[in-house]
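So the sequence lines, in the order shown, correspond to chains A and B.
As numbered in the working numbering, the first sequence has no gaps in its residue numbers, which increase by one up to the final residue, 435.
As numbered in the working numbering, the second sequence has no gaps in its residue numbers, which increase by one up to the final residue, 1199.
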Amino acid sequence: MVEAFTPAVCGSRSRRRVALALFALGALVASAALGATLGLFGSLIGTRPALIAAAVLALMTALREAGLIRLAIPQSRRQVPERWSQEWPLPAWSAGYGAGLGLGFLTFQPVATFWVACAAALALGRPALAAACFALYGAGRAFMAVWPLRRQPDGPAAVESLVGRAGLMGRVNAAVLLLVVLLLAVAPAAGAAVTSLGHGFDPAADGKTLARARMSSGNVEVVVVPPAPDPPVPVSNADAPALDGDLLAYADDEGIKVIDWRTGDPVRDIDGAVSEPALDWPLLAYVKDEGSSTRLVLANLANATTRRIASVSSAGDLGRPSLHGGRLAWHRIMRGGSTICVLNLATNDRRVIRKTKIWVEANPSVTGRRIIWVEQRPQASYLRLRWLGSSRTRTLTRVKGRATFLWTTALTGRTAYVTKWTPSTRKSVLLRVTF
Amino acid sequence: MRRPDELFDGAARALSARLASGMTRRSFLGRMGGAVLAATGGAAVAAAVRPEKSEAFHFCGHIWTTGSCPNPLGLPRIDKNGFPLRPSDGHPIDNLGRAVNSGGWAVDGSGKRLRGPDGELLPRAPRTRLCEEWTHEHYGLDSHMQGAWYRCCGGQIRKLVDCCSPSKKRINGDASLTGYCWGGKRVFCVLYYDSGLKC
Chain A
1 MVEAFTPAVC GSRSRRRVAL ALFALGALVA SAALGATLGL FGSLIGTRPA
51 LIAAAVLALM TALREAGLIR LAIPQSRRQV PERWSQEWPL PAWSAGYGAG
101 LGLGFLTFQP VATFWVACAA ALALGRPALA AACFALYGAG RAFMAVWPLR
151 RQPDGPAAVE SLVGRAGLMG RVNAAVLLLV VLLLAVAPAA GAAVTSLGHG
201 FDPAADGKTL ARARMSSGNV EVVVVPPAPD PPVPVSNADA PALDGDLLAY
251 ADDEGIKVID WRTGDPVRDI DGAVSEPALD WPLLAYVKDE GSSTRLVLAN
301 LANATTRRIA SVSSAGDLGR PSLHGGRLAW HRIMRGGSTI CVLNLATNDR
351 RVIRKTKIWV EANPSVTGRR IIWVEQRPQA SYLRLRWLGS SRTRTLTRVK
401 GRATFLWTTA LTGRTAYVTK WTPSTRKSVL LRVTF
Chain B
1001 MRRPDELFDG AARALSARLA SGMTRRSFLG RMGGAVLAAT GGAAVAAAVR
1051 PEKSEAFHFC GHIWTTGSCP NPLGLPRIDK NGFPLRPSDG HPIDNLGRAV
1101 NSGGWAVDGS GKRLRGPDGE LLPRAPRTRL CEEWTHEHYG LDSHMQGAWY
1151 RCCGGQIRKL VDCCSPSKKR INGDASLTGY CWGGKRVFCV LYYDSGLKC
C-alpha cells in the first residue's frame, strides 16, 4: 500500500495527498461500520460470554505472537486489486483500497490482533462506542500508508525498512495482547452493557417479551413487545404492567385486570383501591390502599385466597412488588429509612436484602436466583444486583447528578431493565442492562 | 431612671457574665448556649457574641479544620433537631436533597408535590438526622450532637455544632480532638444551625 501512494503512481504530489485522504476516509468509514455491526450484534447476545471469549482469544493470540504456539487465523490471503489503480479514477480506487483494508478480513493478516478487536467489539455490545473504537483501526491502517515514507520517499525501500522490524513488532504486539487479557479480566461488572430502548417506564419482562407503560395523549397505556416478528400489542388506560407468559396484569381506574395480552381476553379482575400488580400465575401480588395504611397482599387466583405480607402507614410506601421463581420482593420506605425484603414462598423465609436509614432502596425485581433494585442517593442513583444467598452487591449501572434518576425495574435471566427519568420534564426512557 | 427594657437587658447581661465567669468558656457555651438563647431572647447572647466577621474554612463561623458531617447537598445545615436543611435558604429537605413540605413529601418550587412519569404522586424519601443517623451509617459510629459555639454570620447568629463520637479519628482521617464534646467523646464532624437572631 505504501508503494501505491507515491507521486509516480498517483500522478503528482497533490494527487497523492488527495488519494491518501480518500484512502484514510475509506478506511475509517469501513472500520467504523464494521465496529458498529459487531457492537450491534453483541448487544443482542450475552455480554459476559463474549467478554470471556475475547479474553481467551487475546491470550491465545498473545502466545501465538510470542511464537509459543501455532494458531491459524482466519484471513483472506489477498491484497487489494492492483488493477483498480490502473482502471479506476483516483478517488474511487483510493477510497476502495481504504475500505478494503478498513474491513480487515478481506486481505492478508500479518497478526491476529484484528480478531481480538472483533471479539472485544462484540463484548462491548454498544454499536456507537464499538464504531468509534474500530475507527482507530482504520486510522492505523491509513497511518501505515503514510508514516514509512516520512524519511524514505522511495516506496520499496520504505517497505524493506518496515519488514526489517517485523520481529520487534511481533514482540510488542504480544505484550499489548497480554495487557488486553489483563484489562478484559478486570473489566468492571464483567461488561454490563446498557442500551436505551426508548420512551417508557415501569418495565415488566418475561423471557424475550417486554412490557412497558408510557404516556399517550395524556393517558397511560401499556405496550407489550414480543420477540420479532410478532407486532407490539398496546393496551390503553393501563398502568404498572406485570407479565407472566401470555398473561398481563395491569392497574386501571377500577383496580387490577389480568388478561391474555395476545387475544385481549379477560382472565381475572380485582376491583377496589388496588394497584402495582406482580404476576406469577396463579399468584398475584398487589398493593392495597386501606386509607390509614397500605398493605402488600399475595393472592392465589386459583383458589381465591389472600395473604397479607407487609404493611406501612399511609405516610410510607410499599412500591411495586416483584413475584417470580417462588419469591416475592418489595420495598418499604418510611421517614426513618428504607428496606428491600424478599420472601421465599415455599419456606416462608423472609430476608432483608438491604436496609438503610439514609438512602432510598426501592423497586426490586427478583428471579429465582437474583435480585436487582435501585439505590437512590443525593448525587447519583445506582442499579444494584445481588445473587440470592450472597451478601455481595454489584452495581450494574448508575446515573450521576440530581436531574435524572433510576426508578422502576424488571429482571429476566441475565437481563435487567430500569426506568431512567427526569422529574423536571417527567420524561422517561427504558434502559436494558445485560450482565 | 432607666427604662424597664434597659433594666431587663442589664440584668440578663449581668447574669450571663456571672454564669460565664463560674465555668470555662468552652463548657459554658457548649452546655448552656441553647438555654441562654431561649431565656434572654437573644439580647445577652448578642452582647456576648462579637459581631465580627468570622473566618471560615468551609463555611462561615467554622474557624477550625474538622470537616462537615455527611449531608445531602454539600453543606451540613440542620434544623434545631439535627434534620437536614437546604443550605441556601434553610428549607427542609429530605435525604435525597429534595425540598419537602411539612408532611415530608417532596415538592417543587411552587410547593406542589412531585409526580412520577405516570402522573402519580411520588412517595416520601427518608429524612434522618445528619449526626445520629447519617454519620452512624456512613462510619459505623455512635455519634451525637454535643458541644456548640456561636458566631455572627450574615447578620444572624449561627450555632456551630460538634457531632461527637468515641472515634479517635475525625472525618478528615486524622486525629480527633475533644473540642466541645463531653463524656469521653471527640469531635468527628461539624454541622451548623442558623438561628435567625440578629447580631
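Ideal Cβ placement from N, Cα and C applies to all residues, glycine included.
None of these values were measured; they are calculated from a predicted model.
Sub-9 Å separation of residue i and residue j beta-carbons
| i | j | result |
| --- | --- | --- |
| Q379(A) | V360(A) | no |
| L248(A) | V220(A) | no |
| P127(A) | L22(A) | no |
| G1154(B) | D1194(B) | yes |
| V399(A) | H199(A) | no |
| A112(A) | E65(A) | yes |
| S1167(B) | Y1139(B) | yes |
| G26(A) | A132(A) | no |
| V233(A) | Y250(A) | no |
| L328(A) | V342(A) | yes |
| T61(A) | W115(A) | yes |
| F405(A) | P423(A) | yes |
| G255(A) | D271(A) | yes |
| G39(A) | L129(A) | yes |
| A1125(B) | I333(A) | yes |
| R386(A) | T393(A) | yes |
| V1100(B) | P1087(B) | no |
| T1178(B) | K1185(B) | yes |
Own chain residues within Cβ distance below 7 Å of residue i, not counting five before or after
| i | result |
| --- | --- |
| N300(A) | P282 and L283 |
| D244(A) | D206, L279, D280 and W281 |
| C1163(B) | C1069, C1131, T1135, S1143, M1145, F1188, C1189, V1190 and L1191 |
| K357(A) | G336 and G337 |
| A240(A) | D202, A213, Y250, A251, S275, E276, P277 and R320 |
| I73(A) | Q109, A112 and W115 |
| L177(A) | A58, T61, A62, E65, T113 and V116 |
| K1159(B) | G1033, A1148, Y1150, Y1192, Y1193 and S1195 |
| S216(A) | none |
Other residues of its chain near residue i: CB distance less than 8 Å, five sequence neighbours each side excluded
| i | result |
| --- | --- |
| N363(A) | G319, R320, H331, W373, V374, W407, T408 and T409 |
| L20(A) | F5, S94, A142, A145 and V146 |
Contacting residues, own chain, Cβ-Cβ under 6 Å from residue i (five flanking each side not counted)
| i | result |
| --- | --- |
| I1171(B) | G1067, F1188 and C1189 |
| G1097(B) | P1072 and L1073 |
| L103(A) | A30 and L34 |
| D1079(B) | L1085 |
| V288(A) | Reading off the sequence, residue 288(A) comes out as Lys, not Val. Contacts found: V274, R295 and V297. |
| Y382(A) | E375, T395 and R398 |
| G11(A) | none |
| I174(A) | The question names Ile, yet the displayed sequence has Ala at residue 174(A). If we look at A174(A) and ignore the five residues flanking it on each side, its Cβ neighbours are A62, E65 and A66. |
Status (buried if at least 16 other CB within 10 Å, exposed otherwise) for residue i
| i | result |
| --- | --- |
| Q86(A) | exposed |
| M169(A) | exposed |
| L182(A) | exposed |
| F134(A) | buried |
| R384(A) | buried |
| R1127(B) | buried |
| R370(A) | buried |
| L179(A) | exposed |
| D230(A) | exposed |
| F1059(B) | buried |
| V352(A) | exposed |
| K257(A) | buried |
| L1141(B) | buried |
| G167(A) | exposed |
| L1121(B) | exposed |
Cβ-Cβ separation, residue j to residue i (assumed contact under 8 Å), whole Å
| i | j | result |
| --- | --- | --- |
| V274(A) | Y286(A) | 5 Å |
| G316(A) | T339(A) | Their Cβ separation, rounded to whole angstroms, is 10 Å, which puts G316(A) and T339(A) out of contact at 8 Å. |
| L197(A) | R16(A) | About 48 Å separates the two Cβ atoms, so there is no contact after all. |
| F1083(B) | R1129(B) | 6 Å |
| R426(A) | P1123(B) | With 8 Å as the limit, R426(A) and P1123(B) do not qualify as a contact, their Cβ atoms being about 16 Å apart. |
Residue i CB to nearest heavy atom of the ligand MN below 8 Å
| i | result |
| --- | --- |
| R268(A) | Absent from the structure shown: the ligand MN. Ligands present: none. |
When the options are compared against residue i, the one with the closest alpha-carbon
| i | options | result |
| --- | --- | --- |
| A346(A) | R354(A), L323(A) and I353(A) | L323(A) |
| W261(A) | A304(A), T306(A), A211(A) and A302(A) | A211(A) |
| G326(A) | R307(A), V366(A) and I69(A) | V366(A) |
| G368(A) | R354(A), G413(A), G11(A) and T419(A) | G413(A) |
| A123(A) | Y97(A), F41(A) and A238(A) | F41(A) |
| Y137(A) | L101(A), A119(A), G167(A) and A166(A) | L101(A) |
| T209(A) | P227(A), A174(A) and V9(A) | P227(A) |
| G80(A) | Y97(A), P89(A) and R70(A) | The question names Gly, but residue 80(A) in the sequence shown is Val. Per the Cα distances, Y97(A). |
| L438(A) | T419(A), D349(A) and A204(A) | No answer is possible for residue 438(A): the residues shown for chain A start at 1 and end at 435. |
| A193(A) | L411(A), T415(A) and G164(A) | T415(A) |
| A55(A) | A24(A), C118(A), L411(A) and G218(A) | C118(A) |
| I309(A) | N303(A), A302(A) and N344(A) | N344(A) |
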